[in-house]
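*Asks:* First the structure, then my questions, so here it is.
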């Protein structure tokens, strides 16, 4: 069964969690330096939920996020994303899995040689059955949605911090992913831009019916969450 | 192929956009590649000019079969053999005539600057033209007079005034081995690496210039065959008929022997081959520097692309795309500039330096290989673009 078919099934039934984590442990380093950073994590996230994960620095939030995003390979326990087991997955399987979610980083990480619309289009090129016109049309529509319809051909250097982060959101959401993973998306922004950015994410997520897992330190945005998960010393605390 | 084209259209030309975004870096890269290309073109141009100029004399000989000494190395170092062998060839069916050619390097005083210069002096019977050079053959009567020589007007060095004076009818005289020599005519052959130019005269005048040379020891024998005789066959007969103190070569074989000499025996071929190789690696280093700086500058973006689900192959293709674009764009000035430099070098050295299509294709291939190699080394840096470690 393909991933998309699974995703559709997930959406149809609504009861199946899109992210299903059970007894997940994770270690960094080898031999004597081997150190456990995640302890017995179990977490289910349902479709359409907005989950904020918070906790002190070094508590393992980002590690958990990168595992869920397929940026690292899970070592022990079970980690199912859209029904696919990522624990012990090969590099090629991980790369494939990454195509089914959008990732938003603390820094915008836009490509400085590409204009706003070209950057957004990069989020679509992984889906080969789209024509160039379709890709441009969808990229433009997405940028209009994030309020940058008049900045399509601007290079990142000519955009403000908030605008760049909005382009990054457009890039993550343009392929209508089922899951959006965000790692402190407001950290580099001032209060107003930060608020705008998360509200935008919330609005688009509700429209597209996608699930958001967000790591943040920012107390000002906690209210957008459906559920808040607190993490400390590699363990999930009861909310 | 069609599928490849559609996928290329589908794809954002990231490599090109990246290169175009940083104009300064692009210009430096293109200048570097053009520089390497110019170096390669000049080296290969000189190398070919060497082969051409050193076979020009042997190619313009008017002969079917030549006899040379087994000691012969090239047209400037012919050594000698006994004239008796020439007469013997007339016994062989198919040989119509045999003529002697004398050759030696001499120092003469440039009539204009009075500096001593090394030329190749060639003497032969003026009643039997030895070269396919109309200007030489028209003036053969004048070198029958003592101490008259024909002078190559494309000799390397400062001869413009002397040539102009001669053309206006002023007698031009100079000195060889304490003899006063008069220029009796001009022809065009061109200089070689071994000699600045060529003087042609009668066998009698030649022997006057070299009192120690005997008429009986000749540098080369020029055989003409009867119409319809096969040079290969006659040469084979001559080889078995003559003792092995002479070497029998058809005209084509002689040209080949000379070319092979310069290609393998002389250090010059090696030097230019080395020069081309060096230029190639200079190019590799320059392109590598540019590409690896570019990869480093974009590591974060590349890691982001990986986090989005692009694989390593995609990033490799971006680097190679850049390499190919650099190769092609850098080649344009790299082939244009040598065209001008060839003209200048050809004027300055009187060597036949010119562009050939084969060389253009060869250097383009080298440039592509050069950029691909640099690209391949630069992609090693891509491994550090790991999104998990970067964010």
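Chains as they are written, first to last, in the numbering used here: chain A, 73 to 311; chain B, 30 to 420. Even glycine gets a Cβ: it sits at the ideal position worked out from N, Cα and C.
Please specify which runs of the beta strand (DSSP E), each continuous and at least 3 residues long, are wholly inside the stretch 95–127 of chain A, giving them in chain order.
*Replies:* Taking only runs of at least 3 residues, the beta strand (DSSP E) segments lying wholly in the stretch 95–127 of chain A are 107–118, 122–126.
*Asks:* Sorted by chain position, which residues of the same chain lie with C-beta nearer than 7 Å to residue 305 of chain A's C-beta, five sequence neighbours on each side aside?
*Replies:* Taking the first chain and counting its residues from 1, one reaches residue 305 of chain A at position 233. Taken in chain order, the residues that qualify are 131.
*Asks:* Kindly indicate which three-state DSSP category residue 289 of chain A falls into: helix, strand or coil?
*Replies:* In the first chain, residue 289 of chain A corresponds to position 217, counting from 1. Three-state result, residue 289 of chain A: coil.
*Asks:* Is the Cβ-Cβ distance between residue 176 of chain A and residue 254 of chain A less than 8 Å?
*Replies:* If you number the first chain from 1, residue 176 of chain A lands on position 104. If you number the first chain from 1, residue 254 of chain A lands on position 182. Contact: yes.
*Asks:* Assess contact between the stretch 227–235 of chain B and the stretch 144–153 of chain B, defined as three or more Cβ pairs (one per stretch) separated by less than 8 Å. Is contact present?
*Replies:* Segments in contact, yes.
*Asks:* Cα separation between residue 351 of chain B and residue 48 of chain B?
*Replies:* As a working mapping, residue 351 of chain B is identified with position 322 in the second chain. As a working mapping, residue 48 of chain B is identified with position 19 in the second chain. Distance between the alpha carbons of residue 351 of chain B and residue 48 of chain B: 7 Å.
*Asks:* Could you check the C-alpha separation between residue 43 of chain B and residue 107 of chain A for me, to the nearest Å?
*Replies:* Here residue 43 of chain B is taken as the residue at index 14 of the second chain, counted from 1. Here residue 107 of chain A is taken as the residue at index 35 of the first chain, counted from 1. Going by the C-alpha atoms only, they are around 40 Å apart.
*Asks:* Should residue 216 of chain A be labelled buried (16 or more other beta-carbon atoms within 10 Å of its own) or exposed?
*Replies:* The residue given as residue 216 of chain A occupies position 144 in the first chain. The residue is exposed, with fewer than 16 neighbouring Cβ atoms inside 10 Å.
*Asks:* Can you tell me which of the three DSSP states residue 290 of chain B falls into?
*Replies:* Taking the first residue of the second chain as 1, we reach residue 290 of chain B at position 261. DSSP places residue 290 of chain B in helix when its eight states are reduced to three.
*Asks:* Does the distance from the C-beta atom of residue 197 of chain A to that of residue 41 of chain B stay below 8 Å?
*Replies:* Here residue 197 of chain A is taken as the residue at index 125 of the first chain, counted from 1. Here residue 41 of chain B is taken as the residue at index 12 of the second chain, counted from 1. Contact flag set, yes.
*Asks:* Could you tell me the distance, in whole angstroms, from the CA atom of residue 413 of chain B to the CA atom of residue 265 of chain A?
*Replies:* On the second chain, residue 413 of chain B is found 384 positions in, with the first residue counted as 1. On the first chain, residue 265 of chain A is found 193 positions in, with the first residue counted as 1. Their Cα atoms are separated by approximately 32 Å.
*Asks:* Residue 182 of chain B: buried (16+ other C-beta within 10 angstroms of its C-beta) or exposed?
*Replies:* Stepping through the second chain from its first residue, residue 182 of chain B is reached at position 153. Per the 10 Å Cβ criterion, buried.
*Asks:* In chain A, which residues lie less than 7 Å from residue 47 of chain B when you measure between Cβ atoms?
*Replies:* Translated into positions along the second chain, residue 47 of chain B becomes position 18. Near residue 47 of chain B (Cβ distances below 7 Å), the residues of chain A are 185.
*Asks:* Should residue 249 of chain A and residue 236 of chain A be called a contact, given that it needs their Cβ atoms to be closer than 8 Å?
*Replies:* Your numbering for residue 249 of chain A matches position 177 in the first chain. Your numbering for residue 236 of chain A matches position 164 in the first chain. Contact: no.
*Asks:* Look up residue 116 of chain B in the DSSP assignment and say whether it is helix, strand or coil.
*Replies:* Sequence index remark: in the second chain, residue 116 of chain B carries index 87 (1-based). In the structure shown, residue 116 of chain B sits in a helix (DSSP, three-state: H, G or I).
*Asks:* Please classify residue 409 of chain B as buried or exposed, where buried requires at least 16 other C-beta atoms within 10 Å of its C-beta.
*Replies:* To locate residue 409 of chain B, count along the second chain from 1; it is residue 380. Exposed, because fewer than 16 other Cβ atoms sit within 10 Å of the Cβ of residue 409 of chain B.
*Asks:* Within 10 angstroms of the Cβ of residue 142 of chain A, are there 16 or more other Cβ atoms? Answer buried if so, exposed if not.
*Replies:* Translated into the one-based positions of the first chain, residue 142 of chain A becomes position 70. Buried, because 16 or more other Cβ atoms sit within 10 Å of the Cβ of residue 142 of chain A.
*Asks:* List, in order along the chain, the chain B residues whose C-beta lies closer than 9 Å to that of residue 167 of chain A?
*Replies:* As a working mapping, residue 167 of chain A is identified with position 95 in the first chain. Those within 9 Å of residue 167 of chain A in chain B are 335, 338, 339, 340, 341.
*Asks:* Assess, as a yes-or-no matter, whether the stretch 132–149 of chain B is touched by the stretch 198–208 of chain B under the definition of 3 or more beta carbon pairs within less than 8 Å.
*Replies:* Yes, the stretch 198–208 of chain B is in contact with the stretch 132–149 of chain B.
*Asks:* What whole-angstrom Cβ distance do residue 354 of chain B and residue 45 of chain B have, given they're in contact under 8 Å?
*Replies:* Residue numbering aside, residue 354 of chain B sits at position 325 when the second chain is read from its first letter. Residue numbering aside, residue 45 of chain B sits at position 16 when the second chain is read from its first letter. Yes, they are in contact, since the Cβ atoms of residue 354 of chain B and residue 45 of chain B sit about 6 Å apart, within 8 Å.
*Asks:* Around the Cβ of residue 90 of chain A, are there at least 16 other Cβ atoms within 10 angstroms (buried) or fewer (exposed)?
*Replies:* Sequence index remark: in the first chain, residue 90 of chain A carries index 18 (1-based). When all chains shown are included, residue 90 of chain A counts as buried.
*Asks:* Does the beta-carbon distance from residue 382 of chain B to residue 78 of chain B come in below 8 Å?
*Replies:* Stepping through the second chain from its first residue, residue 382 of chain B is reached at position 353. Stepping through the second chain from its first residue, residue 78 of chain B is reached at position 49. Result yes, Cβ atoms of residue 382 of chain B and residue 78 of chain B sit closer than 8 Å.
*Asks:* Cβ of residue 240 of chain A within 8 Å of Cβ of residue 182 of chain A?
*Replies:* Start at 1 with the first residue of the first chain, and residue 240 of chain A comes out as number 168. Start at 1 with the first residue of the first chain, and residue 182 of chain A comes out as number 110. Going by C-beta atoms, residue 240 of chain A is nearer than 8 Å to residue 182 of chain A.
*Asks:* Whether or not the stretch 283–303 of chain B and the stretch 98–113 of chain B are in contact is what I'm after, with contact meaning three or more pairs of Cβ atoms, one per stretch, closer than 8 Å; do they touch?
*Replies:* The stretch 98–113 of chain B, when compared against the stretch 283–303 of chain B, does touch it at the 8 Å Cβ threshold.
*Asks:* The stretch 192–217 of chain A: which residues have C-beta closer than 9 Å to a C-beta of chain B, in chain order?
*Replies:* Here the close residues are 193, 194, 195, 197, 198, 200, 202, 203, 204, 207.
*Asks:* With which residues is residue 303 of chain A paired in a DSSP beta bridge?
*Replies:* Numbered from its first residue, the first chain carries residue 303 of chain A at position 231. Its beta-bridge partners are A/308.
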